[in-house]
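What the sequence shown shows, in my numbering, is residues 10 to 74, in sequence order.
Report on one structure; see the data block that follows.
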Amino acid sequence: MKVRIGTLVMRCLACQAEEWRPSDASAPLSLLSEVICLGCGARPSCGDLALQLPLVDEPAADAAE
Ligand SMILES: [Zn+2]
């Protein structure tokens, strides 16, 4: 399955895979849920993944000089 937070699909930092499975399939997915990377077996929580999100490119108010 894919894990989305907002409009972003979470990727494994270790292997860049986007496919996960919940470690507890009977529980509803939340930020506290642990998910298992199908690529490498890493087990971050969804909250961990959210923390790894790159800062969204905000249109910076860039006052040039
Ligand atoms: Zn992985």
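We put the CB at the ideal spot given by N, CA and C, even for glycine.
All values reported here derive from a predicted model rather than from experimental measurement.
Own chain residues within Cβ distance below 7 angstroms of residue i, not counting five before or after
i: A59; result: I14, L40
i: L17; result: L62
Other residues of its chain near residue i: CB distance less than 8 angstroms, five sequence neighbours each side excluded
i: S42; result: P31, S32, D33, A36, S54, C55
i: I45; result: W29, R30, P31, S32, A51, R52
i: A26; result: R20, C46, L47, G48, C49
i: M10; result: E28, W29, R30, P31
Unbroken alpha helix (DSSP H) run spanning residue i, endpoints
i: C46; result: That residue, C46, is in no alpha helix (DSSP H); its beta strand (DSSP E) goes 44 to 46.
i: C24; result: Premise fails: C24 is in no alpha helix (DSSP H) and is neither H nor E.
i: G56; result: 55 to 60
Closest residue to residue i among the options (Cα-Cα distance)
i: L47; options: C24, W29, L17; result: W29
Other residues of its chain near residue i: CB distance less than 6 angstroms, five sequence neighbours each side excluded
i: A23; result: C49, A51
i: M19; result: V12, L58
Span of the beta strand (DSSP E), counted from its first residue to its last, around residue i
i: R30; result: 29 to 31
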